[in-house]
Amino acid sequence: MEEQLKNISVEDEGLIAGCVKNDRRAQRKLYEKYASRFFPLCVRYVSSREQAKDILQDGFITVFDKLHTYKGDGSFEGWMRRIFINTALMYIRRNDILKHTDEIDEVPIKVGGYESFDVVDSLDAKQIMQMIGEMPDGFRTVFNLFVFEGFSHSEISKELGITEGSSRSQLSRGRVWLQEKINNLSK
Amino acid sequence: MINKDLDEILREKLEMYSESVGDDVWTGIESRLNKAHRAKIIRRVSLSAIAVAASLLVGLFVFRDSQDGSSRISEPSSIAEVVDQTKTDVAGESSVKDVISMTEQIKNLRSSVAMLEVEKSKESKEQLKGTIGQTDNNEEAVVAVVEEVVEKIAVKEQTPVKETETVEPPVQEQPEISIDRYIAQLDKEEAQSKHSRHTSSLAITSNISSVASEGSFIADFGPAHSSSQTGEVAGSGIIEPVSETPKYFVPISLGLQFKTSLYKNLYLGAGVRYSYLVTQYDALVDKELFKGTYNQLHYVGIPVSLYYNFVNTDRLGVYASLGGAIDKCVSSRYVYGSHVSHEKVKGLQYSVNIGIGVEYWFVKRFGIYFDPSISYYFDNSQPLCIRTSQPLQINAELGFRFKI
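So the protein sequences, as listed, match chains A and B. Per the working numbering, the first sequence starts with residue 95, numbered consecutively. Per the working numbering, the second sequence starts with residue 6, numbered consecutively.
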């Protein structure tokens, strides 16, 4: 890490250099700096906080293991984010969380809409996190990848091993499911 | 409201959202980092040991052969040349000058033998014996002639005798040592220095362990260890053995060992070994029963032993051994139905062993050995296998040793 990295703060550069040398204090500081940022990402992909902690732990192990490959081409936070997303997807695959996704595809969509823009706007982050956590697994995974990570349906289908049509269907149903939740809040 | 707007609102609201995590996550991370670091060190040490052992083995065959070959050619040929000259000179009538010249040649002959003492090669010695055996009588004749002539000259001309005597100080240094005595002395010194030379060896080892039948002594000796019978297997969830009588296949080990002398008959041996263990049982995989599930375990370990030789001749060695080993499971593979899964096994397997052994050296540097021993494997929460089910194992180790 002799050359100045392009997209990284001086603090992060020092932490990365320490982590690459397997310095436990640097690893601890990096963890303390980013754990609270990436924990919500992990929480969004699974239904329990314990599972999210497992993903966070696996993610940081991968970060420390692969840190020497980070060359500063993109933002450091973006690089870490991608690792945590991949770790979450691996966790989902490993635990067969999307096992019943195809069955859910067969459920007909109830077409509806949001009753009030103000209701959505008044929701705080914690409420949104709670609603996403309550989503069915298939909806939640596709919804997260599409809305928050900016994946296309083509990319989602490759990541999850499903068809593009199934990805679109899951997203639509996820939106409807969320609309109903939000509308219920306004009543 | 259109979806795009909703997505935007959700992204904005969660963009800077953060949530604190308890210390337990960092504790888990730190623990895994420490284990990974230890595993890395073990891997490096193992690889280094293998590399060193391989290098020594290659060096043994490549360099040792070339050195021995060159020394065998040079030393005996020079001696033979000198002896031939001596034969020719003795055949004719010699003047005093010639006799002195012959004396010089005898000195050279003795110097050559002395050089061989440094080499101390038994093979060279044998060749020397053969060469000298043919000319032994000639050498005695030369010595007799020299002594007779010198005596006559000493009577007639006192001064030249003194000169002759002063010219030959090396002969005076070793006046009584004949070639036979040199060889006898070499034999004696070789016997005395047996323990200080060739006390290190490399071994290629192979080992099979017992699989006791139900109700036998080994099977009954002490309770089976509680193994980590369930584990999280990537892509398959939990695999849990349910058979009451799993089938164990004979464990097989292969390895390299370096053995060196510590003191007289006491030796230390250390090396690396690879072990392969297979168990077959009925297992529950995600609550679904699979009959005849195979679990294949691959261990890499570092055995260390002390040896005491009761018999230590050139050909035969009989010894007792006491030692221990640390083994790490590097791969655990399950085969059930048409599925194959891998499990990551944590922790190390510790064991101790005691045994006796016998080694036989076919030639100077190459021999075979057989070490029957008894090992005890401690309870280290390893996967179900013969070592957890029957912690007391009888081993039969067989291998080749190369002296270095």
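Beta carbons are placed, not taken as given, at the ideal position from N, Cα and C, and that holds for glycine.
- At a cut-off of 8 Å, the C-beta of residue 109 of chain A has no neighbouring C-beta in chain B.
- In the DSSP assignment, residue 391 of chain B falls within the alpha helix (DSSP H) that extends over 391-394.
- Within chain B, the residues 12, 15, 16 have their CB atoms less than 8 Å from the CB of residue 241 of chain A, given in chain order.
- Judged by DSSP secondary structure, residue 144 of chain A falls outside any beta strand (DSSP E) and instead within the alpha helix (DSSP H) spanning 143-160.
- Looking at the DSSP output, residue 406 of chain B shares a beta bridge with B:208, B:372.
- Apart from the 5 residues on each side of it in sequence, residue 299 of chain B sits with its Cβ closer than 6 Å to the Cβ of 285, 340 in its chain, given in chain order.
- Between the C-alpha atoms of residue 160 of chain A and residue 360 of chain B there is a straight-line separation of about 46 Å.
- Distance between residue 232 of chain A and residue 191 of chain A, taken at the CA atoms: about 8 Å.
- Nearest to residue 146 of chain A by C-alpha distance, out of B:25, B:36, B:270, B:52, is B:25.
- Going by beta carbons, residue 374 of chain B and residue 338 of chain B fall outside the 8 Å limit.
- For residue 250 of chain A, no beta strand (DSSP E) encloses it; the enclosing alpha helix (DSSP H) starts and ends at 247-254.
- Within the stretch 222-236 of chain A, the residues whose Cβ lies closer than 9 Å to any Cβ of chain B are, in chain order, 222, 223, 226.
- C-alpha of residue 109 of chain A to C-alpha of residue 125 of chain A: approximately 10 Å in a straight line.
- For residue 274 of chain B, the enclosing beta strand (DSSP E) begins and ends at 271-290.
- Taking all protein chains in view, the Cβ of residue 174 of chain A is crowded by 16 or more other Cβ atoms within 10 Å, so the residue is classified as buried.
- Between residue 21 of chain B and residue 154 of chain A, the alpha-carbon positions lie close to 20 Å from each other.
- For residue 53 of chain B, the closest C-alpha among the options B:249, B:12, B:27, B:261 is that of B:261.
- About 7 Å separates the beta carbon of residue 217 of chain A from that of residue 18 of chain B, a gap short enough to meet the 8 Å contact definition.
- Residue environment analysis places residue 169 of chain A among the exposed positions, since fewer than 16 neighbouring C-beta atoms fall within 10 angstroms of its C-beta.
- In the structure shown, residue 122 of chain A falls within a helical segment according to DSSP collapsed to helix, strand and coil.
- For residue 247 of chain B, the three-state secondary structure derived from DSSP is coil.
- Neighbours of residue 42 of chain B across chain A, judged by C-beta separation under 8 Å: 116.
- Rounded to whole angstroms, the separation of the alpha carbons of residue 184 of chain A and residue 366 of chain B is 57 Å.
- Residue 387 of chain B counts as buried, since at least 16 other C-beta atoms from the protein chains shown sit within 10 angstroms of its C-beta.
- For residue 345 of chain B, the enclosing beta strand (DSSP E) has its first and last residue at 344-348.
- The three-state secondary structure of residue 365 of chain B, taken from DSSP, is strand.
- Taking a beta-carbon distance threshold of 8 Å, residue 125 of chain A counts as an interface residue toward chain B.
- Within 10 angstroms of the beta-carbon of residue 253 of chain B lie 16 or more other beta-carbons, which makes it buried.
- With fewer than 16 other beta carbons inside 10 angstroms of its own, residue 142 of chain A counts as exposed.
- Leaving aside the five residues that flank residue 301 of chain B on each side, the residues in its chain whose CB is nearer than 6 Å to its CB run, in chain order, 283, 338.
- Judged by their CB atoms, residue 289 of chain B and residue 247 of chain B are nearer to each other than the 8 Å cut-off.
- For residue 262 of chain B, there is no enclosing alpha helix (DSSP H); the enclosing beta strand (DSSP E) has its first and last residue at 257-268.
- Against chain A, the CB of residue 48 of chain B has no partner CB under 8 Å away; the residue lies outside that interface.
- Look at residue 151 of chain A: its C-beta is under 8 Å from a C-beta on chain B.
- Scanning its chain for C-beta atoms nearer than 6 Å, with the 5 sequence neighbours on each side dropped, one finds around residue 304 of chain B the residues 280, 332, 334, in chain order.
- Within 10 angstroms of the beta-carbon of residue 377 of chain B lie fewer than 16 other beta-carbons, which makes it exposed.
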